[in-house]
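Encoded as C-alpha cells, the structure appears first; notes follow it.
In C-alpha cells:
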C-alpha cells in the first residue's frame, strides 16, 4: 500500500474512530502493495466518498488535514523558517517565500490573514482519477497549516476557500494566525 493511502487510513483510525476505520477496511480492504497510481487514486476516492456519505465533511476535514501535515517535507519547513528569520515582517517573509516558490509562489496578505493560491493542482493523486472528492483538498489545507504553525511557532487556522477540484481556476486557502 502506498504511504499516502496508509496515511489516510491511519488518520481515519485516529481522527474518525476505530469503528469507522473497521467499516472502511471491511468494505474496501487493504490496497495491495505496489498498486498503480490509478488504483491508489480510485481507492482514496472511494474511501473519501464513503466517509462523506457516512460521517460528513467535518470529519473528513479532520482526517485529511493531518495527511497534509505529513506531506510537507522537513526541508521545506526548515527553509521557510530561515526565510522568516531573515524577513523584517510577514509581508517581506511572504515575498521571500514567493521568490522560492514555497507554498505555490502566490502568498499575500489580505485583511490580516495570509492567502495562499495554487494556480495548478500539486497533488499527484488527483491527476490519476476523475472526480476526486473536493474534501481531498483539505490535505493541502493541512500542508499550509503545518508550514505556518511551524514557522510562527503557534497554532494557525487554515480554511479552504475554493479549489480546482471544485471547478475554480485556482485553489485558494486562508491562513489565520
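In the numbering used here, the protein residues as written are 43 to 219. By construction, the Cβ of each residue, glycine as well, lies at the ideal position given by its N, Cα and C atoms.
> Touch check for the stretch 96 to 112 and the stretch 162 to 180: three-plus C-beta pairs under 8 Å?
Replying inline: Yes: the two stretches touch, three or more of their Cβ pairs being nearer than 8 Å.
> Just the Cα atoms here: how many angstroms apart are residue 166 and residue 139?
Replying inline: 22 Å
> How many Å lie between residue 67 and residue 104 at the Cα?
Replying inline: 19 Å
>> Rounding to the nearest angstrom, what Cα-Cα distance links residue 162 and residue 156 in this structure?
In response: 19 Å
>> Within 8 Å, do at least three Cβ pairs link the stretch 70 to 86 to the stretch 121 to 130?
In response: Contact between the stretch 121 to 130 and the stretch 70 to 86 is absent, because fewer than three Cβ pairs lie under 8 Å.
> Which runs of the alpha helix (DSSP H) spanning at least 4 residues fall entirely within the stretch 86 to 159, listed in chain order?
Replying inline: 99 to 113, 116 to 128, 132 to 141
> What span of residues does the beta strand (DSSP E) with residue 176 cover, start to end?
Replying inline: Premise fails: residue 176 is in no beta strand (DSSP E) and is neither H nor E.
> Applying the criterion that 16 or more other CB atoms from any shown protein chain within 10 Å of the CB defines a buried residue, is residue 100 buried or exposed?
Replying inline: exposed
> Distance, Cα to Cα, residue 51 vs residue 218?
Replying inline: 28 Å
> Is the distance from the Cβ of residue 207 to the Cβ of residue 214 below 8 Å?
Replying inline: no
>> In whole angstroms, give me the CA-to-CA distance for residue 144 and residue 64.
In response: 37 Å
> With respect to the alpha helix (DSSP H) encompassing residue 161, which residues constitute its N-terminal and C-terminal limits?
Replying inline: That residue, residue 161, is in no alpha helix (DSSP H); it is neither H nor E in DSSP.
>> Taking its Cβ as the centre, do 16 or more other Cβ atoms sit within 10 Å of residue 187, making it buried, or is it exposed?
In response: Here residue 187 is buried. Its C-beta has 16 or more other C-beta atoms within 10 Å.
> Which residue comes first and which comes last in the beta strand (DSSP E) that contains residue 217?
Replying inline: 213 to 218
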